Amino acid sequence: MGGKKKPTLSQLAKKQEKQQAAPAKPTGKGKKAAAEERQVVKASLVDPKLLSDVEKEVTKWEYVTPYLVANRFNTKMSVAYQVLRTLASKGSLVLISKGHRTEVYAPPSRLKQLGM
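Counting with our numbering, you get residues 962 to 1077 for the letters of the sequence shown.
Okay, here's the thing in structure tokens:
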């Protein structure tokens, strides 16, 4: 019922002549290979090492969100949520605000500075 129309013989001949006359250009595979090398696998499980690293780092921050943790420690958002909830249950962080989209945490020392 349709589809792409086939080129005429003269159009095919012109296309072939252009390809032969034009110098070979790089196909861009080098860029693609470099992009594949830069691609990093994100952590998808909460391990004790990640938990301790996050705990050491986030106590210095003014506030903590799952997005900040996911970017900083190269994890998935779901892992960042789990880590922050675990730290909140341990008492290392305090939940300040929670919406249906995100959660905002702060270290207890920061809350004392603010007088909360």
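We put the CB at the ideal spot given by N, CA and C, even for glycine. Quick caveat: nothing in here was measured; it's all calculated off a predicted structure.
Problem - Inter-residue spacing [alpha-carbon to alpha-carbon] between Lys-1037 and Thr-1047 - result: Approximately 15 Å between the Cα atoms of the pair.
Practice task
Would you grab the beta carbon distance between Leu-1054 and Ala-1067 for me? Rounded to a whole angstrom, and I think it's under 8 Å.
Solution key: A Cβ-Cβ separation of about 7 Å places Leu-1054 in contact with Ala-1067 under the 8 Å criterion.
Exercise for the section: Excluding the 5 residues preceding and the 5 following Gly-964 in the sequence, name in chain order all residues of the same chain whose CB lies nearer than 7 Å to its CB. Expected result: none
Exercise for the section: Tell me whether the beta-carbon of Thr-1063 lies closer than 8 Å to the beta-carbon of Pro-1027. Expected result: With respect to the 8 Å criterion, Thr-1063 and Pro-1027 are classified as neighbours on the basis of their beta carbons.
Handout entry: Backbone secondary structure at Lys-1059 - three-state DSSP
Key = strand
Problem - Rounded straight-line distance, which links the Cα of Lys-1073 to that of Gln-1029 - result: Strictly speaking, residue 1029 in this sequence is Leu, with Gln absent from that position. Their backbone Cα atoms lie some 22 Å apart in a straight line.
Handout entry: Glu-1023 (DSSP reduced to helix, strand or coil)
Key = coil
Problem - Close beta carbons around Ile-1057, own chain, < 6 Å, minus the five adjacent residues each side - result: Val-1065 and Ala-1067
Exercise for the section: Could you tell me whether the Cβ atoms of Val-1025 and Leu-1011 are closer together than 8 Å? Expected result: No, Cβ-Cβ distance for Val-1025 and Leu-1011 is not below 8 Å.
Handout entry: Inter-residue spacing [alpha-carbon to alpha-carbon] between Gly-1052 and Asn-1032
Key = Gly-1052 and Asn-1032 have their alpha carbons spaced roughly 23 Å apart.
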